[in-house]
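Counting from 4, one number per residue, gives the positions in the sequence shown under the numbering used here.
From the three backbone atoms N, C-alpha and C, an ideal C-beta is built for every residue, glycine too.
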Amino acid sequence: MLSYFSTRDDQTKISSAEAIVNGLAPDGGLYVPDDLSALALDYCDVIRRDYRGMAKVVFDKFFPDFGADNIDRIVERSYENKFSAPEITPVSKVGDGFVLELYHGPTCAFKDVALSALPNLMTFASRQIGFEDEILILTATSGDTGSAALCGFSNVPGTKIIVFFPHGGVSDTQRLQMVTQPAPNTGVCAVRGNFDDAQTGVKRLFREIPHPREGVSLSSANSINIGRLVPQVVYYFAAYKSLVEAGEIAEGDRVNYVVPTGNFGDIMAGYFAKVMGLPVGKLICASNRNDVLTEFLSTGHYDKRREFYKTTSPSMDILVSSNLERLLYFVCGSEHTKKYMKALSTAGEYTITADELARIQADFAWYSCDDARGAAAIGDAFHKYGYLMDTHTSIAWGAFEDLKAAGAPEAEGACVVLSTASPYKFTQAVLEALGADVPAGDKEQMDQLAAVTGVPVPASLADIFTKEVKHKSVIDVDEMKDFVVSRA
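Here's what the structure looks like:
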């Protein structure tokens, strides 16, 4: 049966249930399956199912110790009446490309797809292994994970959740989605610094206080948790199914996926889909001005010692992409991965070998766009095709258009751009990109965007301005430990 071990130690094996409950390995590594070949499946059979059916097959492959009947119940509970689109993740044709819309969930971001499932996976996993501690979820967010995790874990028995976000580093809409969360088992705190500061702080707490008090254990809702990452694999199959059913491709045709990328989780899910047998061509990593991944994928050199930029795509404002460690393990092995991660921690940089880089480049391509290119992509897509996209999707759309115009081989054939959030989460930047007047407040900006485009405001966003702010804490990074202990 499939087991899991740390990216930094491939000798100590645990079950998938233990990996989900633990979140992060004790040595700081991320959990990965011990046998990728065990994930192989008949993708033609998978894409003949509806979304829930596809999810059941994928979950069963990654979590075989759960049992098929339990997986069925988990999937049904996770995706029942939570998404406004019947397909859950529909595909729209836009010009010469396709957009996979991942934002039709309760918080209007792609994180909903996974965070609708993770609480159900985690509660079952804890029962499966006889885990009796209360689970305290610690999560750092660059914008969207926080609200989706808070929504997913709200009032879930046996759990608490604390979300840290960079003070001034998320949109006001994203902030309000988090700080108005009323559930008594939730906590939200702004951290002075950027996302990397918050994420590094959370990882440190996993090492320093895995049990912040007796009867409480830490776990994670970030994509460092394998239970968060696996549900994201499903929508790569769903996109392929949509293209086949629309007659845009034939079964067996390869499809390229362009992914707006910060923490490398979403694109890592695409890698797993390819390993499982889905005909994936290139996984194109689209970065914003914080293009640390572009440098790495093109040169093999990862260097976080660079200037950090606040951009109009804040969920991608990341210099330490945690999920890249999983790819490093599959390409480099545990010994090299451990060495590279130590070098990143101590020196701020590492360089992989030429052979390792070549193996990565066989599956991945890269492109970076700045705010101006992203804004142009928003304007062009709306004015040419009547399609409205957010500031993260626009980075990937700009990458797709530029690569296609240049005749790049990775843009040949069908290309699916992953759309990760509703444009109503970033109204100021979207209005500016459309050349429209920009009112002062987020509520007024939403109304203006609806008036200018005719695209209605999602109901779950329209009401956040009338909700009471429940969480007002702003702390320094070195205060995170005390904050967690006081609320454990």
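The alpha carbon of Ala399 has as its nearest neighbour, out of Arg55, Pro122, Asn291 and Gln235, the alpha carbon of Asn291. In the three-state reduction of the DSSP assignment, Thr315 falls in the coil class, being assigned neither a helical nor a strand state. Listed in chain order, the non-local C-beta contacts of Gly273 below 7 Å within the same chain comprise Tyr239, Tyr260, Val262, Val283 and Leu286, local neighbours out to five positions each way being set aside. Only residues of its own chain outside the window of five on either side were considered, and among them Tyr305 have a CB closer than 7 Å to the CB of Phe299, listed in chain order.
The beta-carbon distance between Ser425 and Pro317, rounded to whole angstroms, is 14 Å. This is too long to meet the 8 Å contact definition.
If you draw a straight line from the Cα of Leu347 to the Cα of Pro442, it is about 43 Å long. Check the Cα spacing between Ile363 and each of Gly303, Tyr390, Arg231 and Thr314: the tightest is with Gly303.
Scanning the stretch 215 to 278 from its first residue to its last, the whole beta strand (DSSP E) runs of 3-plus residues come out as 219 to 223 and 258 to 263. Assignment of Asp306 by DSSP, reduced to helix, strand and coil, places it in the strand class.
Apart from the 5 residues on each side of it in sequence, Lys313 sits with its Cβ closer than 7 Å to the Cβ of Gly172 and Asp320 in its chain, given in chain order.
The DSSP-derived three-state label of Ala411 is coil. Using a Cβ distance threshold of 8 Å, Ala417 and Gly401 do not count as a contacting pair. In the three-state DSSP reduction, Pro67 falls in the helix class (H, G or I). Beta-bridge annotation (DSSP): Gly190 is paired with Ile165. Given a length threshold of 4 residues, each whole run of the alpha helix (DSSP H) inside the stretch 80 to 131 is given here in chain order: 114 to 118 and 121 to 131.
Contact between Leu121 and Arg210 does not hold, since the beta-carbon distance rounds to 22 Å and is not under 8 Å.
Residue Lys163 holds the alpha-carbon nearest to the alpha-carbon of Asn188 among His170, Lys163 and Phe367. Counting along the chain, no beta strand (DSSP E) covers Val24; the unbroken alpha helix (DSSP H) around it starts and ends at Ser19 to Asn25.
A straight-line Cα-Cα distance of about 6 Å links Leu118 and Gly155. Considering only Lys85, Ala201, Tyr54 and Asp75, the residue with the shortest C-alpha distance to Asp63 is Asp75. In the DSSP assignment, Cys288 forms a beta bridge with Val262 and Trp369. A Cβ-Cβ contact shorter than 8 Å links His214 with Ser220. Scanning its chain for C-beta atoms nearer than 6 Å, with the 5 sequence neighbours on each side dropped, one finds around Gly98 the residues Tyr388, in chain order. By the Cβ test, the stretch 127 to 147 is in contact with the stretch 22 to 35, since at least three Cβ pairs between them sit closer than 8 Å. Within 10 angstroms of the beta-carbon of Arg130 lie fewer than 16 other beta-carbons, which makes it exposed.
Assigned with DSSP and collapsed to three states, Val173 falls in coil, not helix or strand. Out of Leu42, Ala409 and Leu208, the CA that lies nearest to the CA of Glu482 is found in Leu208.
Taking Ala384 as the centre and dropping the five residues before and after it, the same chain places the C-beta of Val97, Gly98, Tyr390, Leu391, Met392, Ser397 and Trp400 closer than 8 Å to its C-beta, in chain order. Just measuring C-alpha positions, the residue of Asp450, Gly218 and Ile229 sitting nearest Val488 is Gly218.
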